[in-house]
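Here's the structure we're looking at; comments come further down.
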Amino acid sequence: MYGEMMALLPITLIGDKILRRKVKKVTEVDVETVDLIKNMFSTMRNANGIGLAANQVGADKAIIVIDVSVVDEYKNVKPMVLINPNIIFRSEEKIVMEEGCLSIPDIRCEIDRPKEIVIKFKDTDMREHELEASALLARVLQHENDHLNGILFTDLIDQNLKKKLKKPLNLIKNRQLEVDYPVTADAEYRL
Ligand code: ZN
466 MYGEMMALLP ITLIGDKILR RKVKKVTEVD VETVDLIKNM FSTMRNANGI
516 GLAANQVGAD KAIIVIDVSV VDEYKNVKPM VLINPNIIFR SEEKIVMEEG
566 CLSIPDIRCE IDRPKEIVIK FKDTDMREHE LEASALLARV LQHENDHLNG
616 ILFTDLIDQN LKKKLKKPLN LIKNRQLEVD YPVTADAEYR L
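The sequence shown begins at 466 in the working numbering and counts up by one.
Okay, structure coming up:
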């Protein structure tokens, strides 16, 4: 369609430096940012993800996109863009859920996290919102918010499991694992 320029962006993999940096806050949603957000949605959906952080596509910006509507219980939840998110409440109660990550393909781990959170963020008009989330939605938001702070879910597992994952993670870092969506070409990815 004329004017509809959507692109799949290569996804950064564990080992890529931008996944380990705290990203910059967004001060203005300019044309470039609008394009980035569109492309983040298409990239996420193409890879069958339900959440994606901007540094997962190499962008140094505090932006998360989420679409949990593919999950039955959440089919009425609209896709969301969260700019400059900040978790302002975490429940004492924690739950274990299995997590995966488009930047750590084929690896899933049970991760313990707060069951409920409240997250503050700005929308694409830079208006501020507060969202209460629990269960899966809270899970996705915490996982993606961690990305913006340079944290991966594999940082949250115990030492034993970390040891076991060393080999498979190295395969990913060295691009020896076949991934069925576009990924960055080398482990020294920079902006
Ligand atoms: Zn992830």
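Beta carbons are placed, not taken as given, at the ideal position from N, Cα and C, and that holds for glycine.
| query | Fully enclosed by the segment 568-652, which beta strand (DSSP E) runs are 3 residues long or longer? | reply | 574-579, 581-587, 593-599, all fully within the segment 568-652.
| Near residue 515, what residues of its chain come up, given a Cβ to Cβ distance below 8 Å and the 5 sequence neighbours on each side ignored? | 509, 531, 532, 533, 535, 536, 605
| field | Closest Cα partner of residue 603 within the set 590, 484, 581 | value | 581
| said: Rounding to the nearest angstrom, what Cα-Cα distance links residue 548 and residue 474 in this structure? | reply: If I take the Cα positions, the gap works out to 19 Å.
| task | Identify the continuous alpha helix (DSSP H) that holds residue 496 and give its terminal residues. | result | 496-511
| task | Return the Cβ separation of residue 561 and residue 538 in integer angstroms, given the expectation that the two are a contact with Cβ distance under 8 Å. | result | At roughly 18 Å, the Cβ-Cβ gap does not stay under 8 Å, so residue 561 and residue 538 are not in contact.
| query | With C-beta atoms as the reference, is residue 595 less than 9 Å away from residue 583? | reply | yes
| Any idea which residues DSSP pairs residue 514 with across the strands? | Residue 514 pairs with nothing; no bridge assigned.
| said: Could you check whether the segment 519-529 touches the segment 472-491, counting it as contact only if at least three pairs of C-beta atoms, one from each stretch, sit closer than 8 Å? | reply: At 8 Å Cβ cutoff, the stretches touch.
| field | Proximity test, residue 630 beta-carbon vs the ligand ZN heavy atom, cut-off 8 Å | value | Outside the cutoff, so no.
| With C-beta atoms as the reference, is residue 553 less than 9 Å away from residue 585? | yes
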